[in-house]
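Here's the structure we're looking at; comments come further down.
In our numbering, the protein residues as written are 72 to 322.
As structure tokens, then:
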């Protein structure tokens, strides 16, 4: 159920993104159990027994919602992290070298546009999964009053699975030293936090634009209806009287 390229899996449209069915069903199950409101969601580890039982069920049979029903939000969130971590192809593959340069340069901290610029250049299944993941991360942040997970906390738990250090080593290059891995991982958190904040700002701006457009349409319709009602409510006599009155004013 995981460890296979996204492009080889059955896909489904979810919240505007075409992603593997497994991710859609886990996200739906998280919504059903109100997992996004769970304190420490995506940060806490599930009970070992529940985690292993879920993994075994997913390995042994085609995915069904019945396999996910009754699972805790913590266990479902853990499944998503496992899925992202075990993808054989790095999510940022086509811009990976530039992502690494951006991460190591310290691009991040919530005020750098470079992470979003690179994410926008992704195509195909990679782009869909990255944007779907960012939407989900934003949903976690939106429940911050109850789950205690702000943008930084969410970036901390997702960075090892999204901006993976194992993908940061170019083919044929020497592996990172432990100190280099620690440095990269720490900077990757800031990089992903910047990307998440930029994504959330873009979502908010889009929502405001949509709301303003809807309000404008409603106002126009209301104006047409109001004018129509005024015209239909006036009798021929009242129209004649108003015309005579206007004529006398002009004279």
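Even for Gly, the Cβ is constructed at its ideal location relative to N, Cα and C. Here the structure is a predicted model, which means the values were calculated and not measured.
Would you report the Cα separation of residue i and residue j, rounded to the nearest angstrom?
i, j, result
"residue 95", "residue 159", "19 angstroms"
"residue 198", "residue 90", "10 angstroms"
"residue 88", "residue 186", "20 angstroms"
"residue 260", "residue 164", "18 angstroms"
"residue 196", "residue 122", "27 angstroms"
"residue 82", "residue 93", "9 angstroms"
"residue 210", "residue 274", "11 angstroms"
"residue 247", "residue 262", "19 angstroms"
"residue 130", "residue 108", "28 angstroms"
"residue 192", "residue 166", "8 angstroms"
"residue 224", "residue 245", "31 angstroms"
"residue 249", "residue 233", "19 angstroms"
"residue 79", "residue 152", "19 angstroms"
"residue 221", "residue 215", "6 angstroms"
"residue 35", "residue 213", "Outside the modelled stretch of the chain, which goes from 72 to 322, sits residue 35, for which no answer is possible."
"residue 139", "residue 118", "15 angstroms"
"residue 219", "residue 264", "16 angstroms"
"residue 268", "residue 208", "10 angstroms"
"residue 101", "residue 194", "27 angstroms"
"residue 271", "residue 205", "8 angstroms"
"residue 106", "residue 188", "31 angstroms"
"residue 125", "residue 149", "10 angstroms"
"residue 137", "residue 226", "31 angstroms"
"residue 323", "residue 127", "Outside the modelled stretch of the chain, which goes from 72 to 322, sits residue 323, for which no answer is possible."
For residue i, which three-state DSSP category applies?
i, result
"residue 191", "coil"
"residue 88", "strand"
"residue 250", "helix"
"residue 280", "helix"
"residue 159", "coil"
"residue 114", "coil"
"residue 232", "helix"
"residue 216", "helix"
"residue 140", "coil"
"residue 77", "helix"
"residue 184", "coil"
"residue 105", "coil"
"residue 164", "helix"
"residue 237", "helix"
"residue 177", "coil"
"residue 244", "coil"
Skipping 5 residues on each side, what residues in its chain have a beta carbon closer than 6 angstroms to that of residue i?
i, result
"residue 73", "154, 157"
"residue 104", "144"
"residue 173", "185"
"residue 171", "239"
"residue 314", "Per-residue confidence for residue 314 stands at a pLDDT of 46, beneath the threshold of 50, marking its modelled position as unreliable; the derived number appears in the next sentence. Correct list: empty, nothing qualifies."
"residue 203", "88, 90"
"residue 217", "108"
"residue 85", "95"
Which same chain residues end up closer than 7 angstroms to residue i when comparing Cβ atoms and leaving out the 5 residues on each side of it in sequence?
i, result
"residue 200", "77, 90, 162"
"residue 190", "201, 266"
"residue 252", "236"
Given residue i, which residues of its chain have a CB within under 8 angstroms of its CB, disregarding the five upstream and five downstream residues?
i, result
"residue 296", "Legend: pLDDT at residue 296 = 48, less than 50; position of this residue unreliable, value from coordinates given subsequently. Taken in chain order, the list of residues that qualify is empty."
"residue 256", "230, 231, 236"
"residue 177", "258, 261"
"residue 169", "189"
Can you tell me which residues form a DSSP beta bridge with residue i?
i, result
"residue 82", "91"
Would you say the segment 145–157 touches the segment 112–128, given that touching needs at least three Cβ pairs under 8 angstroms? yes
For the segment 230–240 and the segment 273–282, state whether three or more C-beta atom pairs, one from each stretch, are separated by less than 8 angstroms. no
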